[in-house]
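Under UniProt numbering, the first residue of the sequence shown is numbered 1, with each subsequent residue one higher. Where is the CB? At the ideal position from N, CA and C, for every residue including glycine. On a predicted model such as this, the values are computed, not experimentally measured, just so you know. Here the structure is laid out as structure tokens; the discussion comes afterwards.
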Amino acid sequence: MPFVLSRLSGCNLSDRSCEALSSVLRSQSCSLTHLDLSNNDLKDSGVKILSDGLKSPGCRLDTLRSGLSGCNLSKRSCEALSSVLRSHSCSLTHLDLSNNDLKDSGVKILSDGLKSPGCRLDTLRLSGCNLSDRSCEALSSVLRSQSCSLTHLDLSNNDLKDSGVKILSDGLKSPGCRLDTLRSGFNTEHNTSFQCLSASCSLTHLDLSNNDLKDSGVKILSDGLKSPGCRLDTLRLSGCNLSDRSCEALSSVLRSQSCSLTHLDLSNNDLKDSGVKILSDGLKSPGCRLDTLRSGGCLFLLVKSHAFPDSEGCSSLVSALQSNPSHLRLLDLSYNHPGDSGVKILSDGLKSPGCRLDTLRSGFNTEHNTSFQCLSAT
């Protein structure tokens with residue numbers, strides 16, 4: 001039976017294993033298309049051997065998804081892989097080099113292959129590769145290249161700084177840029193650079209999770225999101241040290257006629273009930289297209305109580321769900337604490353004729369399990 005997928009992650013392999021695998025890739029009878037070699041000590045010598053197989057005319061491999069992540073590679077591996085990408089016989093479309101010490105010098109070498117007319121790569125993951133703003137110069141040059149086919153780029157867990165964001169944004173604004181998904185790990189001092197990203201013409205997915213954006217960064221980002229040229233439909237801001245003040249800016253975005261957002265992730269931020277209430281006003285706007293909202297672990301209580309008499313998170317969400325223009329289909333409230341009464345209020349909203357929600361994710365900690373009967377009956 002032919003193999004199309006082989007997972008060999010964490011199998012205690014060395015560069016000697018690459019000799020056998022390279023032989024397999026060169027075989028005319030090999031039908032392997034997906035290979036995962038992550039978390040093995042392949043070293044640069046192993047990648048060089050594997051590259052010989054990847055350049056073979058008979059090789060059909062298109063995905064090294066998580067394939068070389070954490071394999072103790074350096075810039076020397078980038079030389080071999082750049083040669084593979086320049087090969088007209090190379091069929092690679094997905095390459096994951098995350099958690100290797102490639103540094104800026106490695107990315108510069110890899111970029112030469114990415115600009116090659118023969119390169120078909122559309123997904124590149126470089127998370128945790130010890131990159132700085134200098135890598136952004138090379139990658140921005142790639143994005144401006146007419147021959148570049150990249151659509152997905154992961155730069156999370158790298159210290160790119162504001163200067164890196166600005167340089168990368170110049171590439172994103174290029175007419176030839178096809179990138180629609182960017183995951184970043186920008187460690188910025190001044191948040192002004194983020195407006196460039198949100199206004200970049202080709203991006204549809206932007207993940208800025210686990211960056212210390214704060215409310216000031218979201219406010220600047222929101223200005224770009226309201227731009228008529230912005231095509232962004234997915235924005236992830238999980239764990240960005242946001243408060244209810246960020247919700248004011250985002251609610252304004254949701255009310256904007258030019259906003260195209262359909263997915264918003266605000267999980268693991270301290271939004272509280274006040275933030276949920278403000279955000280709900282945007283959700284009720286006729287111009288809001290949002291169908292997925294993730295707000296797990298945002299520390300709101302969802303319901304009024306003796307201890308928190310002003311808590312209105314749940315009531316606000318229910319009002320948004322019942323609103324005629326509401327497009328919400330998925331709501332994630334994991335790791336929040338509504339209590340039994342909050343679950344009941346939410347259940348009443350789910351039974352409303354105007355509610356279109358089909359997926360609810362909850363981590364409700366209630367005192368009486370009878371409240372879940374309300375949810376199951378919706």
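Which residue marks the beginning of the beta strand (DSSP E) containing residue i, and which one marks its end?
| i | result |
| --- | --- |
| Leu21 | Where Leu21 is concerned, there is no enclosing beta strand (DSSP E), although the alpha helix (DSSP H) it sits in stretches over Asp15 to Arg26. |
| Leu361 | A quick correction: the sequence has Arg, not Leu, at residue 361. That run of the beta strand (DSSP E) goes Thr359 to Ser362. |
| Asp265 | His263 to Asp265 |
| Arg125 | Thr123 to Arg125 |
| Arg294 | Thr292 to Arg294 |
| Leu153 | His152 to Leu155 |
| Arg183 | Thr181 to Ser184 |
| Asp244 | No beta strand (DSSP E) holds Asp244; the alpha helix (DSSP H) holding it covers Asp244 to Arg255. |
| Leu330 | Leu330 to Leu333 |
| Leu95 | His94 to Asp96 |
| Leu35 | His34 to Asp36 |
| Asp207 | His205 to Asp207 |
Using the Cα positions of residue i and residue j, report the straight-line distance between them to the nearest angstrom.
| i | j | result |
| --- | --- | --- |
| Asp133 | Gly342 | 47 Å |
| Arg125 | Ser184 | 10 Å |
| Thr63 | Lys115 | 19 Å |
| Arg76 | Gly106 | 7 Å |
| Arg361 | Leu293 | 10 Å |
| Leu160 | Ser111 | 17 Å |
| Leu301 | Asp273 | Low local confidence applies: a pLDDT of 45 at Leu301 is under 50, so the model's placement there is unreliable, and no value is given. |
| Leu320 | Gly128 | Checking the sequence, you will find Ala at residue 320 rather than Leu. When rounded, the distance between both Cα atoms is 39 Å. |
| Gly10 | Gly67 | 11 Å |
| Asn268 | Asp170 | 31 Å |
| Ser14 | Lys43 | 7 Å |
| Arg144 | Val318 | 46 Å |
| Ser243 | Lys214 | 8 Å |
| Arg7 | Leu35 | 6 Å |
| Thr359 | Ser252 | 25 Å |
| Ser31 | Lys277 | 54 Å |
| His94 | His205 | 18 Å |
| Val357 | Leu150 | In the sequence on display, residue 357 carries Leu and not Val. If you take the alpha carbons of Leu357 and Leu150, they lie about 34 Å apart. |
| Arg178 | Ser141 | 13 Å |
| Asn12 | Pro353 | 56 Å |
| Pro175 | Ser163 | 21 Å |
| Lys103 | Ser29 | 37 Å |
| Leu97 | Arg236 | 22 Å |
| Leu131 | His152 | 17 Å |
| Lys219 | Ser246 | 7 Å |
| Ser258 | Ser295 | 23 Å |
| Asp101 | Gly58 | 31 Å |
| Val165 | Leu139 | 11 Å |
| Asn158 | Ile345 | 43 Å |
| Ser87 | Ile109 | 15 Å |
| Lys351 | Ser316 | 16 Å |
| Leu61 | Arg289 | 39 Å |
| Leu73 | Glu137 | 22 Å |
| Leu221 | Val84 | 38 Å |
| Ile167 | Lys173 | 10 Å |
Using only CA atoms, which one of the options lies nearest to residue i?
| i | options | result |
| --- | --- | --- |
| Asp41 | Val24, Gly70, Glu79 and Cys30 | Gly70 |
| His263 | Leu232, Asp244 and Cys30 | Leu232 |
| Thr234 | Ser216, Lys166, Leu208 and Gly275 | Leu208 |
| Thr271 | Cys355, Cys240 and Leu330 | According to the sequence shown, residue 271 is Leu rather than Thr. Minimum Cα distance to Leu271 is reached at Cys240. |
| Gly314 | His327, Asn336 and Leu328 | The question names Gly, but residue 314 is Cys in the sequence shown. Among His327, Asn336 and Leu328, the Cα nearest to that of Cys314 is on Asn336. |
| Asp265 | Ser174, Leu97 and Leu330 | Leu330 |
| Asp348 | Gln322, Ser174, Arg245 and Ile220 | Gln322 |
| His327 | Leu261, Glu137, Arg86 and Leu182 | Leu261 |
| Gly297 | Asp291, Asp332 and Arg245 | Asp332 |
| Asn210 | Leu250, Ala249, Arg245 and Ser156 | Ser156 |
| Leu279 | Val218, Gln257, Ala249 and Ser258 | Ala249 |
| Arg26 | Cys78, Ser135 and Ser89 | Ser89 |
| Glu79 | Arg60, Leu182 and Asp52 | Asp52 |
| Asp291 | Gln257, Lys351 and Cys355 | Cys355 |
| Ser238 | Val165, Asn39 and Ser334 | Ser334 |
| Ser56 | Leu73, Ser23, Asn39 and Ser74 | Ser23 |
| Ser38 | Asp154, Leu168, Val84 and Asn99 | Asn99 |
| Ser147 | Ser135, Asp154 and Asp122 | Asp122 |
Considering just the uninterrupted stretch of the alpha helix (DSSP H) at residue i, what are its terminal residues?
| i | result |
| --- | --- |
| Arg231 | Per DSSP, Arg231 belongs to no alpha helix (DSSP H) and is neither H nor E. |
| Arg134 | Asp133 to Arg144 |
| Asp44 | Lys43 to Leu54 |
| Leu114 | Lys103 to Leu114 |
| Gly70 | Element bounds for Gly70: n/a, residue is neither H nor E. |
| Leu160 | Where Leu160 is concerned, there is no enclosing alpha helix (DSSP H), given that its DSSP letter is neither H nor E. |
| Lys75 | Lys75 to Arg86 |
| Gly217 | Lys214 to Leu225 |
If residue i sits next to residue j, beta carbons under 8 Å apart, how far is it from one beta carbon to the other, in whole angstroms?
| i | j | result |
| --- | --- | --- |
| Arg255 | Gly275 | About 16 Å separates the two Cβ atoms, so there is no contact after all. |
| Leu203 | Asp223 | Rounded, the Cβ-Cβ distance is 15 Å, inconsistent with contact. |
| Ser82 | Gly113 | 3 Å |
| Arg65 | Ser91 | At roughly 14 Å, the Cβ-Cβ gap does not stay under 8 Å, so Arg65 and Ser91 are not in contact. |
Compute the minimum distance between the beta carbon of residue i and the heavy atoms of the ligand GDP, and state whether it is under 7 Å.
| i | result |
| --- | --- |
| Lys219 | Ligands displayed in this structure: none; no statement on the ligand GDP is therefore possible. |
Taking 8 Å as the CB-CB limit, is residue i close to chain D?
| i | result |
| --- | --- |
| Pro228 | Checking the listed chains, one finds no chain D in this structure; it contains a single protein chain. |
Practice problem: Could you tell me whether the region 13 to 25 touches the region 48 to 55, using the rule of 3 or more Cβ pairs below 8 Å? | Solution: Enough Cβ pairs lie closer than 8 Å, so yes.
Quiz item: Looking at C-beta atoms only, is the number of pairs between the region 208 to 227 and the region 279 to 286 that lie closer than 8 Å three or more?
Solution: The answer is no - the region 279 to 286 does not touch the region 208 to 227, with fewer than three Cβ pairs under 8 Å.
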